[in-house]
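*Asks:* Chains as they are written, first to last, in the numbering used here: chain W, 99 to 351; chain Z, 11 to 189; chain X, 174 to 535.
(1) Would you list the residues sitting across from residue 118 (chain Z) in a DSSP beta bridge?
(2) Opposite residue 451 (chain X) in the DSSP bridges: which residues?
(3) At 3 residues or longer, what runs of the beta strand (DSSP E) sit wholly inside the segment 207-283 of chain W?
(4) So if I threshold CB-CB distances at 9 Å, which residues from the segment 120-148 of chain Z count as touching chain X?
(5) Hey, would you say residue 249 (chain X) sits closer than 9 Å to residue 222 (chain X), going by beta carbons?
(6) Is the CB-CB distance between residue 74 (chain Z) and residue 33 (chain Z) below 9 Å?
(7) Under the three-state reduction of DSSP, which class applies to residue 301 (chain W): helix, strand or coil?
(8) Quick one: what's got a C-beta closer than 6 Å to residue 116 (chain W)'s C-beta in the same chain, skipping five residues either side?
(9) Find the residues of chain Z that neighbour residue 349 (chain X), judging by a C-beta separation of less than 8 Å, and give them in chain order.
(10) Taking DSSP as the reference, what is the three-state secondary structure of residue 212 (chain X)?
(11) With respect to the beta strand (DSSP E) encompassing residue 346 (chain W), which residues constitute its N-terminal and C-terminal limits?
(12) Compare the Cα-Cα distances from residue 247 (chain W) to each of W:222, W:198, W:100 and report the closest residue.
(13) Excluding the 5 residues flanking residue 18 (chain Z) on each side, which residues of the same chain have their C-beta closer than 6 Å to its C-beta?
(14) How big is the Cα-Cα spacing for residue 249 (chain W) and residue 238 (chain W)?
(15) In chain X, which residues lie with their C-beta within 8 Å of the C-beta of residue 75 (chain Z)?
(16) Do the segment 501-511 of chain X and the segment 477-492 of chain X make contact, defined as three or more Cβ pairs closer than 8 Å?
(17) Taking only beta carbons into account, state which residues of the segment 29-41 of chain Z come closer than 8 Å to chain X, listed in chain order.
(18) Taking any Cβ of chain B, which residues in the segment 288-299 of chain W have a Cβ under 9 Å from it, in chain order?
(19) Just checking: is the beta-carbon of residue 200 (chain X) within a distance shorter than 9 Å of some beta-carbon in chain W?
(20) On the DSSP bridge list, what partners appear for residue 503 (chain X)?
(21) Taking Cβ-Cβ distances below 8 Å as the criterion, which residues of the segment 180-199 of chain X are in contact with chain W?
(22) Measuring straight from C-alpha to C-alpha, what distance separates residue 149 (chain Z) and residue 183 (chain Z)?
(23) Does the CB of residue 205 (chain X) have a neighbour CB from chain Z at under 9 Å?
(24) Can you tell me where the beta strand (DSSP E) holding residue 13 (chain Z) begins and where it ends?
(25) I believe residue 282 (chain X) touches residue 291 (chain X) by the beta-carbon criterion, under 8 Å. Please report the beta-carbon distance rounded to the nearest angstrom.
(26) Give the DSSP-derived three-state secondary structure of residue 272 (chain X) in the structure shown.
(27) My parser needs the beta strand (DSSP E) runs of 3 or more residues fully inside the segment 20-76 of chain Z; what are they?
(28) Using 8 Å for Cβ pairs, my map puts residue 66 (chain Z) next to residue 100 (chain Z). What's the rounded Cβ distance?
(29) Relative to the C-alpha of residue 346 (chain X), which residue among X:309, X:429, X:385, X:397 is closest?
(30) Quick one: does residue 235 (chain X) have its CB under 9 Å from some CB of chain W?
(31) Do you know whose CA, among X:343, X:178, X:494, lies nearest residue 254 (chain X)'s CA?
(32) Excluding the 5 residues preceding and the 5 following residue 114 (chain W) in the sequence, name in chain order all residues of the same chain whose CB lies nearer than 8 Å to its CB.
(33) Under 8 Å Cβ to Cβ from residue 387 (chain X), same chain only, skipping five residues before and after it: list those, please.
(34) Note down the Cα distance separating residue 14 (chain Z) from residue 69 (chain Z), rounded to an integer number of angstroms.
(35) What does residue 111 (chain W) touch in chain X if you count any residue whose Cβ is under 8 Å from its own?
(36) Between residue 233 (chain W) and residue 24 (chain Z), what straight-line distance do the alpha-carbon atoms span, to the nearest angstrom?
This is the structure:
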């Protein structure tokens, strides 16, 4: 019998705590496959966030650090500057990166820190129990906006990739999704490019990945298509997929 | 021996570097010294001042609130520092830029036209050295010779001929005597 | 003996850290500590280190949290309001057992306060400062030479016991220049052994995790209790203090940092008048020289705590003495300078029994 697929070496064989239908498991696996394929596991240090992916430090089979909410890019900066021959990635959710850690991500891009950021956008706070995120859609219900997000009280969702694309220091920014199989394939390609950029010393790369949170969206756990429909019909119009910055081909100013 | 000094003037008059120079000179003479600059908001608005202590015992605080000597290089500094001088202390006034007269009778006054002398020597920048020379001669807290030796330690980028000019300014300043 | 050099306190702190092997610094401008990042920005690259001007104090401490996790000797510095912002990262570093080094050049507070030298962060520094159960090793220099030499001890203790350490100075010490003498041989970080917990290349070994959390029931209790054992060792082994003229003293002044220098002058004035005054200067603020105070309190009747704050260290003194002697307080908050004359007046009052005891005043 021929072995066609196996668990990547960069992911430990432990039970994950993620809910059914959650996108984190897929994204963890994609990051791990990329680490395997690029042969960088042995020199990679990952930064785990606060939020649902807090336990990422126990799942990835490389050195890991877990620190304060939103400060991943700052921690990654310290690690990369102290140990420039390591590969450093920061794995963050939308509350972590686009709310409390807004300053850290923006300034890591401004400094063009040679790091890779995996930004999982599921438009909700997961770990704390479904509160409104900075990326929560207009009208989307959350435990801190029970009638749905309204502009008067909570303003509008932030598009991180578009905003970071205005920064000279940002090298590579792409938004992908994992709600479809082709989306998963494209996401892996984007993650690989984001790591390759770091290996090549090209500076700040971030992949924003639209992902599902059936538990806190209130979509049915036994019918994943409800959640994928939310991504397709709710998120995609607000967060269009695509490459927002690619300064790899041309030299940066 | 304890000599607490306040130096004050416009930014650009070399107030801070003159203070460092006195401390450096005192240190090279084997004395206990400290230097403390005005900083932050106090430095905005164009004035600068600093405290220097030259003493035989360890300096307890580097902030000189009742100076033995105040050196005022511009008009606003006179109003600010004349009242602070210790009774029996010394006030050195740069009469080139200070038009007002001091009012206190319980302190010694030493008038020095620093800018005029610097101009005579051909370099306006060395006016602070004229004041330092006057200070050294009047108090003996540090010697003119020690200040001269400290010059290249503090002004590391100065050419020898400019150092020489600074020493001339020190010596001219030292010729002034308390009235 | 090394040659004496005239140096600003802040610069001596930065140079001292580099000589102690520091190779990473992240900071943010705030008066009166600006010379630390300024100095680091050009000096660290000279020795192959890295400097980052962070976007905030919060970010700076987290950069240090990251760098510290790799086992590199690293530092951040700030002044009071900035240190408040850093408390998040300091708590995490304590919880992750990271040996990071922090400089606090205190100014007047609370709030924006002012930019003059003060001692109002004593509680914050010695009580941990951030959230949770932890300690920080705190040293209080009283001259520029000590500012230049204490980073050496801080890194040593930090790495030995895996605890964040802090130099608690003030704006006067940071801004003043005086002769400095670096007493320790310079440390080349290449000669240091990499700690067994340091993150780096996991090739050929098990992965390592640096973290401050454990969500299992009883997990954090175990973590904290293990740390408490190390804290006990520190209290046993690492207390540093200085005494002057203590043998025959009727009154012992207790002061740290710049206040202790004022006390030396006050003590000399008082001795000239025939008063038997001594000085105990805590150099480590945590661990506090408790045992020595207990010993002294068996013989000395009056202790006068002198501090440029509303009366913070006095609580540690009172706690140690525990009613065995009178504890008095000469406090001056708001970054106002204490003079030797004032201290002498307070001592006169104590001897004439006019001064209230600390317990009564409070």
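Just so you know, even glycine gets a beta-carbon here, dropped at the ideal spot from N, CA and C.
*Replies:* Working from what's here:
(1) Z:100
(2) X:425
(3) 214-219, 268-275
(4) none
(5) no
(6) no
(7) coil
(8) 122, 123
(9) 44, 45, 46, 72
(10) helix
(11) First-last for residue 346 (chain W): undefined, no H or E at that position.
(12) W:222
(13) 59, 82, 87, 91
(14) 11 Å
(15) 510, 512
(16) yes
(17) 30, 33, 34, 37
(18) Considering every chain present, this structure includes no chain B. Its protein chains are W, Z and X.
(19) no
(20) X:479
(21) 196, 197, 199
(22) 13 Å
(23) yes
(24) 12-20
(25) 7 Å
(26) coil
(27) 42-47, 57-65
(28) Actually they are not in contact, since the Cβ atoms of residue 66 (chain Z) and residue 100 (chain Z) sit about 19 Å apart, beyond 8 Å.
(29) X:429
(30) yes
(31) X:343
(32) 122, 123, 126, 153, 157
(33) 393, 395, 396
(34) 10 Å
(35) Under the 8 Å cutoff, chain X gives no residues; its nearest Cβ is about 13 Å from residue 111 (chain W).
(36) 56 Å
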